[in-house]
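Data first, discussion second: the structure below is written as structure tokens.
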Amino acid sequence: MKAMKDYIIPFIGLKIGEHHFDYHIDNTFFNNFEYNEFNEVSVKIDLKFLKKTTLLELYFTASGEVNVNCDLTNEPYNQPISDEYKLVVKFGDSYNDDNEDILIVPHGEYEINISQYIYELIILAVPVKRVHPGIEDGTLKSDILSKLEELSPEKGEKTKSSEDIDPRWNNLKKLLTDK
Numbered sequence: 001m002k003a004m005k006d007y008i009i010p011f012i013g014l015k016i017g018e019h020h021f022d023y024h025i026d027n028t029f030f031n032n033f034e035y036n037e038f039n040e041v042s043v044k045i046d047l048k049f050l051k052k053t054t055l056l057e058l059y060f061t062a063s064g065e066v067n068v069n070c071d072l073t074n075e076p077y078n079q080p081i082s083d084e085y086k087l088v089v090k091f092g093d094s095y096n097d098d099n100e101d102i103l104i105v106p107h108g109e110y111e112i113n114i115s116q117y118i119y120e121l122i123i124l125a126v127p128v129k130r131v132h133p134g135i136e137d138g139t140l141k142s143d144i145l146s147k148l149e150e151l152s153p154e155k156g157e158k159t160k161s162s163e164d165i166d167p168r169w170n171n172l173k174k175l176l177t178d179k
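In our numbering, the protein residues as written are 1 to 179.
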């Protein structure tokens with residue numbers, strides 16, 4: 001966890017006002033969290049750290065791309081991501097992170113670890129359903145994709161004719177019409 005020291009900000013020594021921190025996130029960051037859904041990660045985090053007398057405001061901005069496997073074809077592709085997150089840090093009697101936008105830390109605290117917030121920001125920026133852009137525009141040629149198209153039901157399937165319907169249903173339909 002030595003690599004995670006870079007994500008601990010000792011705010012006690014910072015002057016009141018605005019401060020900026022930049023981070024480049026790659027696979028080693030996610031290895032520390034034992035998260036292996038991404039093949040490759042290249043995300044830039046810009047953190048605007050606003051220190052006030054009674055609270056701290058953190059504005060995270062993530063931009064970059066992660067290489068993930070498509071949910072349909074399992075083909076790897078680069079998924080661009082872009083997201084923002086605002087965190088307010090207040091001081092109180094005890095640690096409390098029940099609210100996702102407000103973190104309460106004890107009065108004697110002198111540093112904040114932002115690694116969990118960066119981790120969640122990137123994970124939540126990736127779409128739930130990951131579809132290769134080549135599938136949407138029709139440029140992807142894959143064995144799996146051609147097999148899926150082969151096995152998919154025809155769009156213009158003929159409807160069942162009246163002779164395919166079980167004759168017992170016809171007797172029931174008569175009950176509705178015989179009033």
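Even for Gly, the Cβ is constructed at its ideal location relative to N, Cα and C. This one's a predicted model, so the numbers in the text were calculated from it and none came from an experiment.
Classify residue i: buried if its beta carbon has 16 or more other beta carbons within 10 angstroms, exposed otherwise.
i, result
"F49", "buried"
"L58", "buried"
"L175", "exposed"
"F33", "exposed"
"L56", "buried"
"I165", "exposed"
"I9", "buried"
Rounded to whole angstroms, what's the CA-CA distance from residue i to residue j? Just pull it up for me.
i, j, result
"I122", "W169", "56 angstroms"
"D137", "V68", "18 angstroms"
"F91", "A62", "26 angstroms"
"L180", "S152", "There is simply no residue 180 to check, as the chain begins at 1 and stops at 179 in what is shown."
"S82", "G64", "7 angstroms"
"I25", "K5", "14 angstroms"
"V43", "F11", "24 angstroms"
"I104", "K15", "20 angstroms"
"L124", "E84", "10 angstroms"
"S115", "Y95", "17 angstroms"
"T28", "F21", "19 angstroms"
"P80", "G134", "14 angstroms"
Can you tell me where the beta strand (DSSP E) holding residue i begins and where it ends?
i, result
"I81", "P76 to G92"
"P167", "Taken as a continuous stretch (DSSP letters only), P167 belongs to no beta strand (DSSP E), being part of the alpha helix (DSSP H) at P167 to T177."
"L55", "L55 to N69"
"L103", "I102 to P106"
Rank the options by C-alpha distance to the C-alpha of residue i and give the top, closest one.
i, options, result
"Y7", "N39, E109, L55 and Y23", "Y23"
"C70", "M4, P10, G13 and V126", "V126"
"E40", "S115, V66, L47 and V89", "V66"
"V88", "Y77, I112 and T73", "I112"
"D93", "P80, H107 and D101", "H107"
"G13", "Y110, P133 and N27", "Y110"
"F38", "K86, T177 and N78", "N78"
"Y119", "H19, L172 and N36", "N36"
"V128", "L72, I9 and T177", "L72"
"V131", "N74, L172, N31 and K51", "N74"
"I45", "K86, T54, T177 and L172", "K86"
"T53", "F60, P76, N171 and G17", "G17"
Say the cut is 6 angstroms; is the CB of residue i nearer than that to a heavy atom of the ligand MN?
i, result
"I112", "Ligands are entirely absent from the displayed structure, and the ligand MN is therefore not among its contents."
Which two residues bound the contiguous alpha helix (DSSP H) that contains residue i?
i, result
"I114", "It is not in any alpha helix (DSSP H) - I114 carries neither H nor E in the DSSP assignment."
"N27", "N27 to N32"
So what does residue i bridge to, in DSSP terms?
i, result
"H20", "K48"
"V131", "The partner list for V131 (beta bridge, DSSP) is empty, contrary to what the question assumes."
"V43", "I25 and G64"
"I8", "N113"
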